[in-house]
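Please read the structure below before turning to the comments.
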Amino acid sequence: MPLRAILNGGATHAFDYTIEAWDAFKRKYKLESLLMPCCGCPAVPKTSKHGAFFFSHKAGAECSSAPESSEHIYLKSVVAKASSVQGWRTTTEYRGRTPEGEDWIADVLCQKAGATVAIEIQLSSIPYDEIIARTERYARSRVRVAWLVDSGKFKDWEQKSNKKTPIFGVNKIKLGEIPLMAKFLLAADNFVYALLSKEVKWKEEPWEYSIFYLSDICWKCKNPVKQVYGSAIDVYEDSVKTVPNASTVLSKLKKFISNEELRELGLNTIGKHENLKGNAPGFPYCNECAYCGAPQNNHYLLKHLQDGGRTTGEAMFTSPRAPMATQIPPPMATSNSPT
């Protein structure tokens with residue numbers, strides 16, 4: 000359900016219409032040339048049951064473009080209108096190409112005074128590697144990008160977000176109501192206002208973690224290793240207590256520290272081994288030897304901790320904080336609907 004169509008050879012956007020203008024357009028559009036930008040098939044202006052304006056393919060048209068959910072098209076409308084209200088030249092479903100010939104399509108492309116910003120809306124689950132790859136594709140085209148993701152499906156968006164790939168969570172979307180941003184206490188349209196006005200700034204405030212480790216011997220290569228078993232920040236501590244819990248604790252560790260960073264600290268890395276003897280079924284995360292990579296099962300890790308015969312220690316690790324809104328923008332004069 001795109002927000003853009005080709006009207007008599009030029010682009011027209013559904014979010015630019017008032018209710019009265021949209022109703023008038025729906026009555027007379029058959030007298031014009033109105034085409035879908037994705038495939039060139041005839042387009043039809045429509046209004047959703049929640050009042051959002053959009054374009055649809057005429058019945059019988061064949062198009063390979065993937066359909067979008069009602070929530071996706073609604074949030075895209077909110078974002079596009081917020082950008083347009085600020086005077087940015089706003090284009091939805093914008094098709095671009097990197098210098099190397101890779102195609103990309105931006106949900107909302109905002110252009111103003113030499114600046115180009117793509118706002119990508121991702122409500123369905125995809126691997127973070129894909130978000131990174133698409134961000135790099137935009138970078139090669141000299142386009143900055145910000146990701147708005149479903150905070151319910153991307154629960155660790157704060158840990159994954161960074162200055163190069165900024166990711167922001169959106170709370171559950173209820174059609175017809177402007178959704179709130181997670182962690183920012185702002186409606187999505189006001190957040191876009193702040194983002195494009197450079198009022199959302201990246202502020203790195205280091206978090207200092209203690210990584211707990213147990214001095215041990217790798218069962219395979221016999222080298223001395225430091226088995227990771229927990230972490231702490233401020234007064235909050237998380238360490239293994241049961242065999243299944245060991246996997247859960249280690250999987251949480253991976254959200255803020257990479258295997259490369261663990262190696263730099265002289266610690267074992269953390270890996271996923273589904274059928275390793277000594278790990279609980281369905282709880283696959285465990286230590287891997289820093290020397291030979293052999294998985295170290297959680298049963299023996301827990302046993303050594305409980306026996307108390309091995310030396311334990313702490314390694315300090317500093318991790319950057321997620322982005323913070325340093326200034327609350329004034330509310331925009333918008334209604335509770337994106338159109």
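So for the sequence shown, numbering that gives the first Met the number 0 puts the first residue at 0; every next one is plus one.
From the three backbone atoms N, C-alpha and C, an ideal C-beta is built for every residue, glycine too.
Burial is judged here by how many other beta carbons sit within 10 angstroms of a residue's own beta carbon; Thr317 has fewer than 16 and is exposed. Taking a cut-off of 8 Å on C-beta distances, the segment 203–222 touches the segment 292–305, as three or more cross pairs fall below it.
In summary, Ile120 is buried, with 16 or more beta-carbon neighbours lying within 10 Å of its beta-carbon over all protein chains present. Around the CB of Glu259, fewer than 16 other CB atoms lie within 10 Å, so the residue is classed as exposed.
Residue pairing by DSSP places Pro41 opposite Leu34 in a beta bridge.
In the three-state reduction of the DSSP assignment, Tyr16 falls in the coil class. The C-alpha of Ile256 is placed about 36 Å away from the C-alpha of Thr91.
Of all alpha-carbon atoms in Tyr16, Arg309, Phe211, the one lying nearest the alpha-carbon of Ile232 is that of Phe211.
For Val78, no beta strand (DSSP E) encloses it; the enclosing alpha helix (DSSP H) starts and ends at 69–84. Put simply, the backbone Cα of Gln85 is about 45 Å away from that of Leu261. Contact between the segment 34–41 and the segment 132–152 is not established, with fewer than three Cβ pairs separated by less than 8 Å. In this model, Lys162 and Ser32 are separated by some 43 Å (Cα to Cα).
Across the structure, Lys111 and Thr89 are spaced so that their CA atoms are roughly 9 Å apart. Taking Val78 as the centre and dropping the five residues before and after it, the same chain places the C-beta of Val107, Ile118, Val191 closer than 6 Å to its C-beta, in chain order.
In the displayed model, Tyr290 falls within coil according to three-state DSSP, outside both helix and strand. In the same chain as Glu313, and ignoring 5 residues on each side of it, the C-beta atoms closer than 7 Å to its own belong to Ser209, Ile210, Phe211, in chain order. Judged by DSSP in its simplified three-state form, Lys57 adopts coil rather than helix or strand.
Classified as exposed, Ile125 has fewer than 16 neighbouring CB atoms from the shown chains inside 10 Å of its CB. In the same chain as Ser230, and ignoring 5 residues on each side of it, the C-beta atoms closer than 7 Å to its own belong to Tyr208, Ser209, Ile210, Phe211, Asp237, Leu252, in chain order. Pairing Gly95 with Trp146, the inter-Cα distance amounts to about 17 Å.
For Tyr28, no beta strand (DSSP E) encloses it, and the DSSP letter there is neither H nor E. By the neighbour-count criterion, in which a residue is buried when 16 or more other Cβ atoms sit within 10 angstroms of its Cβ, Glu287 is buried.
Under the three-state reduction of DSSP output, Thr310 falls in the coil class, being neither helix nor strand.
Gln110 is bridged by DSSP to Arg88, Thr115.
Distance between Tyr137 and Ala114, taken at the CA atoms: about 13 Å. If you ignore the 5 residues before and after Ile172, its C-beta comes within less than 7 Å of the C-beta of Glu70, Tyr73, Leu74, Pro178, all in its own chain and listed in chain order. Membership of Phe190 in the alpha helix (DSSP H) is indicated by the continuous run 187–195. In this structure, the alpha-carbon of Tyr127 lies about 27 Å from that of Asn278. DSSP lists Val227, Gly312 as the beta-bridge partner residues of Tyr212.
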